[in-house]
Structure formats: structure tokens, C-alpha cells
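Position in the sequence shown (first residue = 1) + 4 = this note's numbering.
Yeah, the Cβ is synthetic: ideal placement off N, Cα and C, and Gly gets one too.
Here's the structure we're looking at; comments come further down.
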Amino acid sequence: MTFACFFDKFDSPNLQNNSADMPDCVFCDIASRKRPAEILFENDDAICILDINPIHYGHSLVIPKRHCRDFLDVPSGTLGGVMEAARTVARALVQSLNLEGYNIFTNNGAIAGQSVFHFHLHITPRYKNDNITFVLTLKQYHNGEMAEYAHRIRKNLGTPD
């Protein structure tokens, strides 16, 4: 699945590509008020800002205050606060911008479109005929493949077949 307009946004050579070994992180700097941002909301775990390169006006980012490289790096206790902040901001976007819908998504790893390596959620306003499209290439499981994938995943989870 590719979020076509989203990837186009990150093909710019001017984009700062943070990585885990870089000493400064733009989102850590925003959370600690070392960099300016349009802050919409915050709680103990997260800060919510307007995206500086929005897909639609109102496109917001929900960022853990603690540096976490990706979704798997977010502590369980922090994740709840991040999701509560996302719900609070999504509700405010729907009410204040008369949204017809919204997407909440995250990109984890460069191959998935992550460009700032500090976990964050995008909340993107949606409107009828907004020309934002998901380009999907759906696959079909064949001849027991679904059962094999389920077995491999359950084995890793420690869940019985």
C-alpha cells in the first residue's frame, strides 16, 4: 500500500533526514521548546503540532515527548497517552474544520516513508473529492499460504495454533 501524495511530500532534497545516531532530533527539540511549532495540544506523554508541510490544512502530528525511534520503541505506558492525544486532536479537527473524515497513520522505517526517526502519528483531514488516494496492490493468499503466515506469526507471539 502506498499513500501516493504522502511519499511525494518526502522526495524533497531539502528534507532533514534524522536518524537514531544523529544528536539532534527536530521532534525532541519541539517537545522541549527549543524549536518553534504551532502547538495544538499536549499531555504528559505527547505534544500535538500542525505539520509544516501539510497534505491538507489542519494536518497534525502527534509526537511522544520521549524520543522513540518507531512504533516498536514506544513504551506501553507512553502509547496510551499518545493515542489519547490523537483522539483529542482528531475530535477538535472534525469539529473545527468540518471534516468529512480523517486518516490517522504512521510510517515506520525508511522503506515505509518514515523521514523523521522519532515516532509520530499523522492526522490528515479528509474531504470529498480531495484527490488524496491510497494506491493499493492487493495480494491473494494461495494454497495454504494464509495458514502458514498465521502459523509463523502465532509462533513468534507464543500463541497456540
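Given this structure, state the Cα-to-Cα distance separating residue i from residue j, to the nearest angstrom.
| i | j | result |
| --- | --- | --- |
| E88 | C29 | 23 Å |
| G117 | N111 | 6 Å |
| R39 | D33 | 5 Å |
| G62 | C52 | 11 Å |
| P164 | G105 | 38 Å |
| F31 | I67 | 7 Å |
| T141 | K159 | 27 Å |
| T137 | P58 | 15 Å |
| M150 | N135 | 33 Å |
| H60 | L76 | 28 Å |
Does the Cβ of residue i have 16 or more other Cβ atoms within 10 Å, making it buried, or fewer, making it exposed?
| i | result |
| --- | --- |
| V86 | buried |
| I127 | buried |
| P129 | buried |
With a threshold of 8 Å between beta-carbons, can residue i be considered close to chain C, or not?
| i | result |
| --- | --- |
| K143 | The structure shown contains no chain C; it is built from a single protein chain. |
In terms of alpha-carbon separation, which member of the options lies closest to residue i?
| i | options | result |
| --- | --- | --- |
| Y145 | V78, A154, E46, T92 | A154 |
| D48 | D134, E149, R70 | R70 |
Going by beta-carbon coordinates alone, are residue i and residue j separated by less than 8 Å?
| i | j | result |
| --- | --- | --- |
| R73 | H122 | yes |
| S119 | V93 | no |
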